[in-house]
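The sequence shown begins at 9 in my numbering and counts up by one.
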Amino acid sequence: MKILFLGDIVGRSGRDALTQRLPALRAQLDLDLVVVNGENASHGFGLAPDMARAFLAAGTDVITLGNHAWDRREIIPFLEEEKRVIRPANFPPGTPGAGAVVVEVRGGRRALVMNVMGRLFMDPLDDPFRAVQAELQRHTLGRTIQAAILDVHAEASSEKQAFGHSFDGMLSLVIGTHTHVPTADHQILPGGTAYQTDAGMCGDYDSVIGMQKGGAALRFWKKMPGEKLAPAEGEATLCGLYLETDDATGLATRVAPLRQGGRLSQIVP
Ligand SMILES: [Fe+2]
Ligand SMILES: [Fe+2]
9 MKILFLGDIV GRSGRDALTQ RLPALRAQLD LDLVVVNGEN ASHGFGLAPD
59 MARAFLAAGT DVITLGNHAW DRREIIPFLE EEKRVIRPAN FPPGTPGAGA
109 VVVEVRGGRR ALVMNVMGRL FMDPLDDPFR AVQAELQRHT LGRTIQAAIL
159 DVHAEASSEK QAFGHSFDGM LSLVIGTHTH VPTADHQILP GGTAYQTDAG
209 MCGDYDSVIG MQKGGAALRF WKKMPGEKLA PAEGEATLCG LYLETDDATG
259 LATRVAPLRQ GGRLSQIVP
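1) Which term fits K231, buried or exposed, when burial requires 16 or more other beta carbons within 10 angstroms of its beta carbon?
2) Along the beta strand (DSSP E) that carries Q198, what are the first and last residues, could you check?
3) How far does the beta strand (DSSP E) with H186 in it extend, from its first residue to its last?
4) Give the list of continuous alpha helix (DSSP H) stretches no shorter than 4 residues that lie fully inside the stretch 201-233.
5) If A162 sits next to M122, beta carbons under 8 Å apart, how far is it from one beta carbon to the other, in whole angstroms?
6) DSSP three-state call for V140: helix, strand or coil?
7) Which residue from V110, I94 and D214 puts its Cα closest to that of T103?
8) Could you give the first and the last residue of the continuous alpha helix (DSSP H) run that contains E47?
9) Can you give me the start and stop residues for the alpha helix (DSSP H) that T72 sits inside?
10) Let me check understanding here. Comparing Cα to Cα, which of D255, T257 and L237 lies closest to F53?
11) Only counting runs of 3 or more residues, tell me where the beta strand (DSSP E) segments fall wholly within the stretch 84-156, in order along the chain.
12) Which of helix, strand or coil does DSSP assign to R271?
13) Is it right to say S180 is buried, meaning 16 or more other beta carbons lie within 10 angstroms of its own, or is it exposed?
14) To the nearest angstrom, how far is the alpha carbon of D79 from that of H51?
15) Run the proximity test for G74: is its beta-carbon closer than 7 Å to any non-hydrogen atom belonging to ligand 2?
16) Is the CB-CB distance between P198 and D176 below 8 Å?
17) Among M9, K10 and L14, which residue has its Cα nearest to the Cα of L249?
18) What I want to know is whether the C-beta of E90 ends up closer than 7 Å to one or more non-hydrogen atoms of ligand 2.
19) Kindly indicate which residue of G150, L30, I84 and D135 has the alpha-carbon position closest to the one of A65.
20) Can you tell me the Cα-Cα spacing of P277 and L37, whole angstroms?
21) From the DSSP output, which residues share a beta bridge with A4?
22) Kindly examine ligand 1 and report whether one of its heavy atoms sits closer than 7 Å to the Cβ of N48.
23) On the DSSP letters alone, give me the boundaries of the beta strand (DSSP E) that L12 sits inside.
24) What residue does the alpha helix (DSSP H) around F171 start on, and which one ends it?
25) Any chance the CB of D159 is under 7 Å from a heavy atom of ligand 1?
26) If you measure between the beta carbons of I11 and L41, is that distance less than 8 Å?
27) Report the three-state DSSP secondary structure of T245 (helix, strand or coil).
28) Is R34 buried or exposed, if buried means 16 or more other CB atoms sit within 10 Å of its CB?
29) Which residue marks the beginning of the alpha helix (DSSP H) containing P31, and which one marks its end?
This is the structure in structure tokens:
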């Protein structure tokens, strides 16, 4: 399977980059599955249903979320009707929506996509490791599903690496989101799971993690309420990871970073 994972879509700049460029990327890379993190799409905070629809129409198969999942409250009922938008699995039982979805791709193959949130330097939630372990008991990689993707929405690189090694050989990809900066440690772990600590955001990199740099920097100088943060509006770099997997095992055979458009150095598989 040919898979593209893109990190947090931030504001209009990120949304426009995704909807305008994904159709061509999908054709050019002959993609079977596209997963994007949408938690910052709405002015940096949350995801509105019309934005989710636009991402899906542009060729996204699954949208994951994170700590900003509920910032646009309209998403709450929408999660019940659109199962391709998932929120972290380790919210308390009874939380609207789901933390995992199985989608069918070309050739009748099935892909599991999961989303969890880390607990280091984040709001405390249920154990994300046990949440993934429980979900994996319902599927067999290489048999009932041909690929399994996990978005670990977390702050700490240590927690994300621990995830990669804990599930090495059980998932096609473990990839981090939330820090909005791409890491250069993309690799295939010894057991065959593709891994990258953070995919990086899809947004304007002349910014403080996607927000206008002046106001964002001032917050560190003055410990007082300042101007409201707003997303930077320059051209976005689409940031993420491309991978190829073997349908018979569900494990990764190739990983390559993608950084397209905007300020970051360009690399397209
Ligand atoms: Fe984010
Ligand atoms: Fe986040």
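By construction, the Cβ of each residue, glycine as well, lies at the ideal position given by its N, Cα and C atoms.
Answer, in terms of the structure:
1) Residue numbering aside, residue 231 sits at position 223 when the sequence shown is read from its first letter. K231 should be labelled exposed.
2) Stepping through the sequence shown from its first residue, residue 198 is reached at position 190. Per the sequence presented here, residue 198 reads as Pro, with Gln not at that position. If you look at P198, you'll find it isn't in any beta strand (DSSP E); DSSP assigns it neither H nor E.
3) Position 178 of the sequence shown, counting from 1, holds the residue named residue 186. Counting along the chain, no beta strand (DSSP E) covers H186, and no H or E run does either.
4) 221-229
5) Here residue 162 refers to the residue found at position 154 when the sequence shown is read from its first residue. Here residue 122 refers to the residue found at position 114 when the sequence shown is read from its first residue. Between M122 and A162 the Cβ distance is about 13 Å, and since that is not below 8 Å, they are no contact.
6) Sequence index remark: in the sequence shown, residue 140 carries index 132 (1-based). Residue state, collapsed to three classes: helix.
7) Translated into positions along the sequence shown, residue 103 becomes position 95. Selected option, being the one with the closest Cα: I94.
8) For the purposes of this step, residue 47 is taken as the residue at position 39 of the sequence shown. It is not in any alpha helix (DSSP H) - E47 carries neither H nor E in the DSSP assignment.
9) Indexing the sequence shown from 1 puts residue 72 at position 64. Where T72 is concerned, there is no enclosing alpha helix (DSSP H), although the beta strand (DSSP E) it sits in stretches over V70 to T72.
10) Residue numbering aside, residue 53 sits at position 45 when the sequence shown is read from its first letter. Among D255, T257 and L237, the Cα nearest to that of F53 belongs to L237.
11) 108-113 and 117-125
12) Numbered from 1 along the sequence shown, position 263 holds the residue referred to as residue 271. Reduced to three states, the DSSP call for R271 is coil.
13) Locating residue 180 in the sequence shown gives position 172, counting from the first residue. Per the 10 Å Cβ criterion, buried.
14) Reading the sequence shown from its first residue, position 71 is the one you call residue 79. Reading the sequence shown from its first residue, position 43 is the one you call residue 51. Near 10 Å, if we compare the C-alpha coordinates of H51 and D79.
15) Taking the first residue of the sequence shown as position 1, residue 74 is located at position 66. At least one heavy atom of ligand 2 is nearer than 7 Å to the Cβ of G74, so yes.
16) Start at 1 with the first residue of the sequence shown, and residue 198 comes out as number 190. Start at 1 with the first residue of the sequence shown, and residue 176 comes out as number 168. Yes, they are a contact pair.
17) Position 241 of the sequence shown, counted from the start, is the residue given in the question as residue 249. Of M9, K10 and L14, the residue nearest in Cα terms is L14.
18) If you number the sequence shown from 1, residue 90 lands on position 82. Not under cutoff, so the answer is no.
19) Position 57 of the sequence shown, counting from 1, holds the residue named residue 65. Per the Cα distances, L30.
20) Counting from 1 along the sequence shown, the entry for residue 277 is found at position 269. Counting from 1 along the sequence shown, the entry for residue 37 is found at position 29. Computed Cα separation, rounded: 8 Å.
21) Because residue 4 is not part of the residues shown, which for the chain are 9 to 277, the question remains open.
22) The residue you call residue 48 lines up with position 40 of the sequence shown. Flag set: Cβ of N48 near ligand 1.
23) Taking the first residue of the sequence shown as position 1, residue 12 is located at position 4. Its beta strand (DSSP E) spans residues K10 to L14.
24) Here residue 171 is taken as the residue at index 163 of the sequence shown, counted from 1. That run of the alpha helix (DSSP H) goes S165 to S174.
25) The residue given as residue 159 occupies position 151 in the sequence shown. Answer for D159: no, Cβ out of range of ligand 1.
26) What you label residue 11 is simply residue 3 of the sequence shown in a count that begins at 1. What you label residue 41 is simply residue 33 of the sequence shown in a count that begins at 1. In this structure, L41 lies closer than 8 Å to I11 by Cβ.
27) For the purposes of this step, residue 245 is identified with residue 237 of the sequence shown, where counting begins at 1. Here T245 sits in strand by DSSP.
28) Taking the sequence shown and counting its residues from 1, the one referred to as residue 34 is at position 26. The residue in question, R34, is buried, as its Cβ has 16 or more Cβ neighbours within 10 Å.
29) For the purposes of this step, residue 31 is taken as the residue at position 23 of the sequence shown. G19 to Q36 is the span of the alpha helix (DSSP H), which, as asked, contains P31.
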